[in-house]
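Numbering (this note's numbering), first residue to last: 316 to 441. In what follows, a single structure is set out as structure tokens and then discussed.
Right, here's the structure in full:
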């Protein structure tokens with residue numbers, strides 16, 4: 316398997332764990348010193364702290380589902396774009412476009428940057 320296809324398989328596995336809201340499986344895909352940035356929030360450093368931040372975010376939603384439309388691999392870096400559908404605790408859903416950039420260290424993610432406007436998720440519906 317070439318490196319680009321292998322990275323794509325790792326990405327598919329990652330989004331499966333995220334969509335399952337499986338924080339331990341998500342954290343297992345990170346280096347111990349990884350950096351994580353979600354939208355405009357400050358970066359979080361270290362897999363333990365990232366797990367805490369991601370777990371806290373998962374508690375604010377009932378579910379989520381990612382659909383990728385494009386993936387680009389360049390050496391140890393992978394970028395993707397798509398849409399994520401969040402399910403709120405009231406059962407309503409909102410779809411938001413996103414782009415992610417990952418830097419790998421071997422099989423693990425060392426840097427994960429999510430570019431998204433998360434505001435619509437928490438906007439009140441009337």
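Here a beta-carbon is modelled for each residue, glycine too, at the ideal position from N, C-alpha and C.
Nonlocal neighbours in the same chain, by C-beta distance under 8 Å from residue 346, ignoring five residues either side = 362, 420, 423, 424, 425
Nearest-angstrom Cα separation, counted from residue 429 out to residue 380 = Just so you know, the alpha carbons of residue 380 and residue 429 end up roughly 15 Å apart.
For residue 407, which of helix, strand or coil comes out of DSSP?
-> coil
Is it buried or exposed for residue 338, if we count other Cβ within 10 angstroms and need 16 for buried?
-> buried
Is residue 326 helix, strand or coil by DSSP?
-> helix
Beta strand (DSSP E) runs wholly inside the stretch 326 to 356, at least 3 long, in chain order = Look at the stretch 326 to 356 and you find these whole runs of beta strand (DSSP E), each 3 residues long or longer: 345 to 353.
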